[in-house]
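Student: Throughout the sequence shown, residue numbering follows this note's numbering, covering 1468 to 2047 in sequence.
Here it is, the structure, as structure tokens.
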Amino acid sequence: MNKFKGVAASEGIAIGKAFVFENSKPKVEKRIIPPSKVDAEIEKFRNAIAKTEDYINYTKELSSNNLDVDYSFIFDVYLLFLKDTMLVDETINLIKSKFYSSEYALSKVSKNIIASFEASDDEYLRERKHDIEHITNKLLTFMGGDDFTGFDVDSNSIVIARDLSPSQLVYLIHKGISGFATDMGSKVTHTSIIARAVNIPAVVGLSNVSEKLETGDTVILDAFDGIVIVNPTDEELMAFQKKKERYSTYIEGLKCDLYLPEVKTLDGHKVNLLLNIEINEELKTNILDISNGIGLYRTEFIYLTRGDVKEDEQFEILKEAVLASKGKPVVIRTFDLGGEKLSSLLPHPEEVNPALGLRAIRYSLKFKDFFTKQLRAILRAADFGNVSIMFPMVSSINEIIQVKEILNDVRSDLKSKGVPFGDVKTGIMVEIPAAAIMADQFAKHVDFFSVGTNDLTQYTLGVDRNNEYVAEIFDPIHPAVLSLLKMIKLAADNNNIEATICGEMAGDPLLIPVLLGLGYRNLSMSPTNILKARYVVTHLTIEKCRDLLDRLEENYYKNMHYNLLKTFMNEHYKEVNFYE
């Protein structure tokens, strides 16, 4: 019996026989072609694009026929990448100017795009590198002359692989697999998103598990604790079978919560559960029907493959999201990256420490034409619904004053030209300790606060949560972080403005009672956490949440604070706890 530890990407338990899927990455060597072969090489590249489009469209249709939830938007994103000028035009340019083979030119361009994604502070954007890798690998496969013929896998198998693309996963779902485990990946890859949509257990980030297992091994996939157990004992098989059955009962119970008119605690306090949205296609499910709106609409994805997008194109994208919300609030965050994250797509200066440099609102104020274009698009979209604008990484009152002046200028210009636009509320993302400490002053200049607990924790504790060597120091319920969260909520209440939690804390069953105890009643989270959050909230009282908060600090210094939270969970909503 062997155990491998990874990351739980899609909750559940799977028990079955392993199918080891060999999914090697195509090898590309530098090859220079004679000038006379340039046209033929470009034609080979374009033929590979056409075949890849056909393959993705086939998978998209397979997805529509086999998935209960419409996640075809993921394949639309892949099709968008295939039309991306940076990917296509740059590859052709290298073939023409450097006389690179089409394979080598594509691999060079792909590496540059992947590097721009990897530099992002946003986990979702950072993990889009896997989309580029999957597209690149499929193009290289077709350029090498191979065609997709499928592969044989028994139903109820647990697939073990180096990596899986969304297309491969959809095919495997069609074949009836019961779960998968991969060397690579994270919670926010599109493959993981699909797995959660169809409730297929998945463990990712296992390093080299695909090299350790053999087809036919008996496997338990514990996709709560992120563990793969190979050739388990009879006792383990029996224990996990019971756990699997208990989880199935819990999932069925969650579906009853879909019909609650609103979410309230046991003692009658209403709690608004909102969505963090990356792209419009996430809104094509029924998720908006069971939420209170969009608490965080990230605009970065609009720019990632397009660069400096035209105002009308931004307007149409944002308008679509606003209309889909059917009058529910939509909080649109302005551009929240630094230019260095986007390489050649947008202008940016060279910086020694770009993570603390010209990014987010600082970037927008530096490149005002770029910023003005986005504000115009947001104001125009606001004419179709209930829209607010939120500005990220604000650290001084002067920045808010500047932003409001620019916003007023944009309003005046739209009005003078007869362009329809809507009224908007303005707020800031409180994610820097300076903004939290000055929350009372900021509250006099804005209509609401959005609290970015991920960055607030990171900056307060001086720790990179993505650095494996210090990740254990990252603690959103550190006393210093909780003090800032209290300060922010108090400032909001004293100035009669709303405060919404937008970080990962908002959708974490372990931490939701802490936030309720602090007084927060607006929680914005990943769409996949909404149902679970509804369940948690409806099994709590505010009095008990406040009592829990009072006991946290004492237990923190005994290093028992998370044990306290787990005990609280088991006392009040143990049905959610499958992590022990």
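We treat Cβ as the ideally placed atom computed from N, Cα and C, and that holds for glycine.
#1: Note down the Cα distance separating TYR1987 from ASP1543, rounded to an integer number of angstroms.
#2: Starting from the N-terminal side, write out each stretch of the beta strand (DSSP E) that is 3 residues or longer and does not extend beyond the region 1949 to 1982.
#3: Sort out for me which residues DSSP pairs GLY1984 with in a bridge.
#4: Does SER1811 come out as helix, strand or coil in the three-state DSSP assignment?
#5: Measuring CA to CA, which of LEU2031, GLU1703, ASN1989 and GLU2010 is closest to GLY1760?
#6: So what's VAL1877 in DSSP terms, helix, strand or just coil?
#7: First and last residue of the beta strand (DSSP E) that includes ASN1921?
#8: Assuming ALA1910 contacts ASN1962 (C-beta within less than 8 Å), just tell me the rounded distance between them.
#9: Quick check: what's the CA-CA separation for ILE1955 versus SER1645?
#10: Keeping to the same chain, check which residues put their C-beta closer than 8 Å to that of VAL1797; ignore five residues upstream and five downstream.
#11: Which residue's Cα is closest to the Cα of VAL1697: ARG1513, LEU1561 and LYS1470?
#12: Which residue's Cα is closest to the Cα of PRO1728: ILE1944, ILE1828, GLU1702 and SER1758?
#13: Quick one: grab the DSSP three-state call for ASN1753.
#14: Counting along the chain, where does the beta strand (DSSP E) carrying LEU1804 start and finish?
#15: By a C-beta neighbour count over all protein chains shown, 10 Å radius and 16 as the cutoff for buried, is ILE1516 buried or exposed?
#16: Hey, could you find the ends of the beta strand (DSSP E) PHE1858 is sitting in?
#17: Helix, strand or coil: how does DSSP classify VAL1495 here?
#18: If ASP1850 and PHE1888 are in contact, beta carbons under 8 Å, what's the gap, nearest whole angstrom?
#19: Pair every Cβ in the region 1513 to 1533 with every Cβ in the region 1705 to 1722, then say whether three or more of these pairs are closer than 8 Å.
#20: Kindly indicate which three-state DSSP category PHE1471 falls into: helix, strand or coil?
#21: Compute the Euclidean distance between the alpha carbons of ALA1572 and GLU1767, then round it to the nearest angstrom.
#22: Can you name, in chain order, every residue of its own chain whose Cβ lies under 6 Å from the Cβ of LYS1711, other than the five neighbours on each side?
#23: Tell me whether ALA1827 sits in a helix, a strand or coil according to DSSP, three-state version.
#24: Is it buried or exposed, GLU1461, if we count other Cβ atoms within 10 angstroms and call 16 or more buried?
#25: Can you name the start and end residues of the beta strand (DSSP E) that LYS1840 belongs to?
Tutor: In short:
#1: If I take the Cα positions, the gap works out to 37 Å.
#2: Listed in chain order, the complete beta strand (DSSP E) runs (minimum 3 residues) inside the region 1949 to 1982 are 1965 to 1968.
#3: The partner list for GLY1984 (beta bridge, DSSP) is empty, contrary to what the question assumes.
#4: In this prediction, SER1811 has a pLDDT of 49, which is less than 50 and means its spatial position is unreliable; what the coordinates show is noted afterwards. Correct three-state label for SER1811: helix.
#5: The shortest Cα separation from GLY1760 among LEU2031, GLU1703, ASN1989 and GLU2010 belongs to ASN1989.
#6: Here VAL1877 sits in helix by DSSP.
#7: The continuous stretches of beta strand (DSSP E) do not include ASN1921, which lies in the alpha helix (DSSP H) extending over residues 1920 to 1928.
#8: Correct: roughly 4 Å between the Cβ atoms.
#9: Rounded to the nearest whole angstrom, the C-alpha separation of ILE1955 and SER1645 is 45 Å.
#10: Cβ within range, chain order: GLY1760, ILE1761, TYR1764, ALA1788, VAL1789, GLY1852, ASN1853, VAL1854 and SER1855.
#11: Checking every option, the nearest Cα to that of VAL1697 belongs to LYS1470.
#12: Among ILE1944, ILE1828, GLU1702 and SER1758, the Cα nearest to that of PRO1728 is on SER1758.
#13: Three-state result, ASN1753: coil.
#14: Going by DSSP, LEU1804 is part of no beta strand (DSSP E) at all; its letter is neither H nor E.
#15: Counting the other CB atoms within 10 Å of its CB gives ILE1516 a total of 16 or more, which places it among the buried residues.
#16: Here the beta strand (DSSP E) through PHE1858 covers 1854 to 1858.
#17: Three-state result, VAL1495: coil.
#18: Cβ-Cβ separation between ASP1850 and PHE1888: approximately 5 Å, consistent with a contact (criterion under 8 Å).
#19: With a cut-off of 8 Å on Cβ pairs, the region 1513 to 1533 is not in contact with the region 1705 to 1722, counting fewer than three such pairs.
#20: PHE1471: strand per DSSP, three-state reduction.
#21: If you take the alpha carbons of ALA1572 and GLU1767, they lie about 27 Å apart.
#22: The beta carbon of LYS1711 is closer than 6 Å to those of ILE1480 in its chain, skipping five residues each way along the sequence.
#23: Reduced to three states, the DSSP call for ALA1827 is coil.
#24: The requested residue 1461 does not occur in the structure, where the chain is confined to residues 1468 to 2047.
#25: Segment 1835 to 1848 is the alpha helix (DSSP H) holding LYS1840; no beta strand (DSSP E) there.
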